[in-house]
Structures are given as C-alpha cells and as structure tokens.
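Chains as they are written, first to last, in the numbering used here: chain A, 1 to 191; chain U, 1001 to 1361.
C-beta: ideal position from N, C-alpha, C; glycine also.
Keep in mind it's a predicted model, so treat the numbers as computed, not measured.
Some notes on the structure that comes next.
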C-alpha cells in the first residue's frame, strides 16, 4: 500500500466538498428560453418537411404521415431528407435548408437513447429557425426526451409519441401507427 | 496508523452521505473531494485546469481538466493516477461512439482501457491474474473516474439521458494493464502507433466480454476455431460489419506465437473465418441489409453464401492479459470501432517524479 500523499499543503478557500458537475461555477449560465415558431392556422397548401433519422421503420412511418397530411389536411408539397447520424442533432446546414424550403416539419422516429433526445433537440432547433416542428418519439423514451428539452431551454416541449416498439412493426402496422399519431402531429404543427 | 490515530468515522460517513445526497455517486461510496486533494491531482499535469478535454455538443456540457480531477479524486484515484485518467479520457474521446450518442445508448457500453509501458509497475497496476478485476486500486478507480466524469461533468445519468436497457457487467470497471512480460507479441500501444517502451493508454467501448475456455487442445487452430465461434454468434450482429477483439491469456498467446502466428496472422485468420452463412443469418432475422443495418429479409437466395463480418485488422484488436495459469481468453465485443490509436502519457511537470509505490511487478 503506497503512503497517502500529504494533505492540506495547498493554500485555498475553506475546505469544502467540491462539486464534480461544474454546473455551479460561474462559467455556466441558464439557457435563455428557446423560441417557438408561429403556427399556421391549417396545413392547406403547406410544404411539409420530413426528416428521417434512419432508425428502422422511420422512413415508411414518415412517408405515410406525409401522404396523410396531403390527403386529409391539404398539404401540397413534401420534402424528405435523411439525417445521417441519428445520435447527434441535425447539422445547421440541413436545418437552414429545410427552414428555407418547408412550412412545417415532422422529424423522427426517436426510439433509442440518443436519437429520441436528438429528435427533440432537432425540433427545438427548427422552432428557432421559425419552422413549426413535430418530433415523434417512442413512448419508452419520454424521460430522456423531456430532459433534452430542458437542456435546450424548452422545458415542457411537446412532441408526439407512438407506443414502443416501432422497429419490429410490419408495413401495415407502420401505416396504422402513422394514422394514429396524425391528429397529434397536426395539433403540434398548427395554431 | 493505530486505532487512536484513525480518522473520525462519523466525519467520513457524513462526507460520503453528503456526496450521495447531491446525486454524484454511481451507487458506491465516493471519496469527498477537497480543494487540497484536487490540487495534488492538478499538480501531476502541466495542462491548465480550465482546459476543455471533452465536449458533448448535444447536451451542451463539457469536461475540463479541473472537473476530471474532482471526479478522479471522488472515484478513489491517487493523485499520481491522474495522468492515466487524462490519457484514458483523451483516448476515449477519439472514439466516434464516445463523442456521439454512445453514453446515452440503450446498449449501455463500457469503456475498456488498456495501459502499456513502465507506468503499469510505477503505479502498481495489476498486470496478471484477474485482469478484468476486481482487487487493484488503479485498475478499479481509473475506469470509475471515467464513469463519474460521464455522469457528473457530462450529466449523463441513468434513466434520464442514459438509457441503457440492461447495461453490462463491468461498466466503469475495465482497465487492463497488458501482461507485456508474458506476451509473445509487441505491446498493444505499438498497434496504436506508439513507440516501444512508452507508457500509453488505449481505449474503446465494449458491449460485452465473453470467455473462451479452451484448455483441451495443443492445436492452435482449434483454439482459433473456438474463438471464431464466439465472435460469430448472431446475437451480437446488428450491422453489416462488426468489431470483436480478443484479450488473450498468456497461454493461448504463447501457443499461437509458438506455432508461428504473429498478431497480424491471428487477425487475418479471424477475418477469414468469422462469419455466418446466409441461412444462419436468415434464421435469426438478420440476413437482409438496408444500408449497413441488418433486417429480416425473407429472400433465401443467399442462404449458402458465407458472410464475413470483420472488415479489417483494426476491427480485431488483440491484447494479452491475465495469468498464465489456465487457457482462458476473452472475446471483447467492441461498440462501434476502435480508433486504432494509443495516447502516450504526458510527461510530469518539472520537479515532479512519478513515485515508486513498490508493488510487485
């Protein structure tokens, strides 16, 4: 057993137990409240962005939602994009491009530890670019999605949920799920 | 220390309970860190306390040298371990998974830290039996320090931003000091690009460790087939390729080397022989490929095709650890892929020597 090094040789402040989180130091300040985009009254004539995070069944889920938004709510255009790294927030260029070409956006499916959190982070980033967003997460990841919203200055940020699991659904079941979440998505996107 | 000189147990208990109450603990007691103690950690590095050594963009948090020192102190490290903690953290932050969503993952991956060079003996690392622990302070507390940094400095806590479905045994406790003395091959740090004789740390993330107990044959190829069977199990396959290392016990390594296998030969053999037929993969619902992700494809046309799963030697890292008392090796299932680099230990600041702690070599 090595001898313990001597203690108390360094002058310093009162001998408190130190905080290992860094969150109480002066360099960190609370984030300002994240902005929320203005909602249109309806989706009639709107171009809907679909941001697919590459998780299993995310693409057919969002495709079906896009189809239903056109068929039942009068959306006219769809812009589908893929987020290559599902674990990370969407890159700024992608957010700018979609904000310029779309009126509202649907993003998902958050069904893993990092991608649920980052789907919500993306939703908040789109809102900051004045693009109303509906993030969709599996209901198994509510706590992590809510925690991410708080970190990004949007405590209580609302997103749509679909029951877990999503990855194992058949094509018919995916369409059924998309139809089930449709009204929630529209409510999130419109005033 | 006589009983009358021993510290006040009630004060110690109160400090430990204070740390629990703040939510800082990984579940086990922490050493309450004080400014004088942390100053001793900071004195072992020439890096500035406010230097940012890791950043998790998605959660808006970072870790400084100072925060790493506080967490290392709380983990039970001695100050002289701190350069190894910093090198291990640097090595981990070279892993794409550790910079991305790995700490939040449902997979709950564990860092595997490998230490090479003279520092193993200078700091009293266990380099022989029981390599995966427990029982040895540096091997146990250095990976714990990494876990506390992720929890406290990055704010990735279980059930909140950390979403491990089951996690895995050994998370925050795997730190191997390679058994260089009984390994027939060059140290792992050399595979990571460091020169011989340098103290260096390598790190990657693991999804699990699986033993291969083969003390039944003098034929090295039979040992390799046994290892290949474990590497090739379908349960671990989720993408087109995978990465699986082997932590060889000295006996297996020496048997292979004695038969003429260099590390590169072992890697080439495993790359060639690890994999499954299309029928095996289809039976497990993993035969189809969408991009790099596997899925259940009803198509039977590739049933007879053998699919290899280890794309390069870097996907088969080989380490030698443990005692020479039995032929038991460990397959280590890499989460993502190893960066292929080792991080040399920074030199100590002037006028400071790494103390010899006098443990057996």
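- Annotation: the continuous beta strand (DSSP E) that includes residue 1116 of chain U extends over 1110–1116.
- Residues of chain U whose Cβ lies closer than 7 Å to the Cβ of residue 141 of chain A are, in chain order, 1163.
- Residue contact check for residue 1070 of chain U against chain A: a CB pair falls below 8 Å.
- Neighbours of residue 147 of chain A in chain U, taken as residues whose beta carbon is under 8 Å from its own, are 1160 and 1161 in chain order.
- Here residue 1013 of chain U is exposed, its C-beta having fewer than 16 other C-beta atoms within 10 Å.
- With contacts defined by Cβ atoms closer than 8 Å, residue 1103 of chain U and residue 1174 of chain U do not form a contacting pair.
- In this structure, residue 57 of chain A keeps its C-beta atom at 8 Å or more from the C-beta atom of residue 186 of chain A.
- Residue pairing from DSSP places residue 1201 of chain U in a beta bridge opposite U:1115 and U:1343.
- Per DSSP, reduced to three states, the secondary structure at residue 1213 of chain U is strand.
- If the five residues before and after residue 1228 of chain U are omitted, its C-beta is found closer than 7 Å to the C-beta atoms of 1270, 1273 and 1274, all from its own chain and listed in chain order.
- Interface criterion met: the Cβ of residue 1295 of chain U is under 8 Å from a Cβ in chain A.
- For residue 1064 of chain U, the chain A residues whose C-beta falls within less than 8 Å of its own C-beta are 22, listed in chain order.
- DSSP places residue 144 of chain A in the helix class (H, G or I) of the three-state scheme.
- A:127 is the residue among A:176, A:127 and A:114 whose C-alpha sits nearest the C-alpha of residue 33 of chain A.
- At a cut-off of 8 Å between beta-carbon atoms, residue 1235 of chain U makes no contact with chain A.
- Annotated three-state conformation of residue 1074 of chain U is helix, per DSSP.
- Looking only at A:89, A:139, A:116 and A:102, the smallest Cα-Cα distance to residue 125 of chain A is reached by A:89.
- The beta carbon of residue 1259 of chain U lies closer than 7 Å to those of 1220 in the same chain, with the five residues before and after it left out.
- Burial state of residue 1008 of chain U is exposed, judged by a 10 Å Cβ sphere holding fewer than 16 other Cβ atoms.
- Among the residues facing chain A, residue 1032 of chain U is included, as its CB has a counterpart in that chain under 8 Å away.
- The way I'd put it, the segment 1087–1099 of chain U does touch the segment 1197–1208 of chain U; three or more beta-carbon pairs between them come closer than 8 Å.
- Where residue 1094 of chain U is concerned, there is no enclosing beta strand (DSSP E), because DSSP gives it neither an H nor an E.
- For residue 1024 of chain U, the chain A residues whose Cβ falls inside 9 Å of its Cβ are 19, 20 and 21, in order along the chain.
- Using a CB distance cut-off of 8 Å, residue 1020 of chain U does not count as an interface residue toward chain A.
- The residues 1234, in chain order, have a CB closer than 7 Å to that of residue 1284 of chain U in the same chain once the five nearest residues on each side in sequence are set aside.
- At the C-beta level, residue 1141 of chain U and residue 1081 of chain U come within 8 Å of one another.
- Beta-bridge annotation (DSSP): residue 1062 of chain U is paired with U:1055.
- When Cβ-Cβ separations below 8 Å define contact, residue 173 of chain A makes no contact with chain U.
- With its beta carbon less than 8 Å from one in chain A, residue 1074 of chain U belongs to the interface.
- Judged by beta-carbon spacing, residue 102 of chain A lies beyond the 8 Å limit of residue 23 of chain A, meaning their Cβ atoms are not closer than that value.
- Taking the Cα positions, residue 116 of chain A is about 41 Å away from residue 1120 of chain U.
- Taking CB atoms only, residue 1153 of chain U has a neighbour in chain A less than 8 Å away.
- Annotation for residue 1230 of chain U: the continuous alpha helix (DSSP H) segment containing it runs 1220–1231.
- In the three-state scheme derived from DSSP, where H, G and I count as helix and E and B as strand, residue 1304 of chain U is classed as coil.
- Relative to the Cα of residue 1321 of chain U, the nearest Cα in the group U:1044, U:1182, U:1118 and U:1282 belongs to U:1182.
- Pairing residue 17 of chain A with residue 1033 of chain U gives a Cβ-Cβ distance under 8 Å.
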